[in-house]
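Q: Next up is a structure, given as structure tokens.
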Amino acid sequence: MNSTELSRAKIQVNEANKKIGVNFEGEKNQMSKDSFLKLLVTELRHQDPTRPMEDKEFVAQMAQFSSLEQITNLNKEIHSLIRSSESTQAFNMLGKVVDALDPVTNTRISGPVSSVFYADEQIKLKIGANEISINAVHAVRNPAEKENN
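Using numbering that gives the first Met the number 0, you'd call the opening residue of the sequence shown number 0 and step up by one each time.
So this is what it looks like as structure tokens:
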């Protein structure tokens with residue numbers, strides 16, 4: 000492919016990307032399954048009729064699409080499982096005494112957990128007048144137990 004053909008191909012690719020709404024520069028090379036499918040359909044529409052895509056290539060691309068979809072679904076399920084696990088962990092802290100470090104004031108907070116809630120897409124615990132992220136907790140104990148330093 001000479002430089003003229005290469006330039007022409009780049010222009011065609013950019014035009015096709017604009018039509019399907021794909022912008023690779025701002026997305027850090029991450030494609031959604033919809034973008035992948037749009038790209039595949041565009042490739043099929045604009046293929047050279049004298050040299051159509053081979054069956055092996057098409058099957059390989061469909062396998063990649065299937066893998067992408069399965070990985071995306073698995074990722075969603077893992078995030079859901081993590082959130083569920085964190086919720087269970089937080090609810091088990093209700094009534095228990097926790098020690099935590101407030102990241103804003105850099106002060107130690109200790110006391111019984113009176114409530115658990117979601118804020119800013121994080122699980123938060125209410126300890127007295129303080130609201131802290133579950134990630135700031137470094138110790139949990141039963142109320143009757145003495146603190147060990």
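Where a beta carbon is used, it is the ideal one built from N, C-alpha and C, also for glycine.
Small disclaimer: the values here were computed from a predicted structure and weren't measured.
I need the DSSP call for N105, collapsed to helix, strand or coil.
A: Looking at N105 - three-state DSSP - the assignment turns out to be coil, as it is neither helix nor strand.
Q: Could you name the residues that DSSP lists as bridge partners for Q121?
A: A118.
Q: To the nearest angstrom, how far is it from the Cα of F90 to the Cα of V115?
A: Distance between the alpha carbons of F90 and V115: 7 Å.
Q: V136: which of Y117, D101, A118 sits nearest, CA to CA?
A: The shortest Cα separation from V136 among Y117, D101, A118 belongs to D101.
Q: Based on DSSP bridge pairs, tell me the residues matched to A138.
A: In DSSP, A138 forms a bridge with D98.
Q: Taking a contact to mean a Cβ-Cβ separation below 8 Å, would you say G110 touches I122 in this structure?
A: No, they are not a contact pair.
Q: If you reduce the DSSP assignment to three classes, tell me which class E130 lands in.
A: The answer is strand: DSSP assigns E130 an E or B state.
Q: Rounded to whole angstroms, how far is the Cβ of V97 from the Cβ of V139, which I believe are closer than 8 Å?
A: About 5 Å separates the two Cβ atoms, so the contact holds.
Q: When you compare only the Cα positions, how much space is there between D33 and R107?
A: Their backbone Cα atoms lie some 47 Å apart in a straight line.
Q: Cβ atoms of I70 and A99: under 8 Å apart, would you say?
A: No, Cβ-Cβ distance for A99 and I70 is not below 8 Å.
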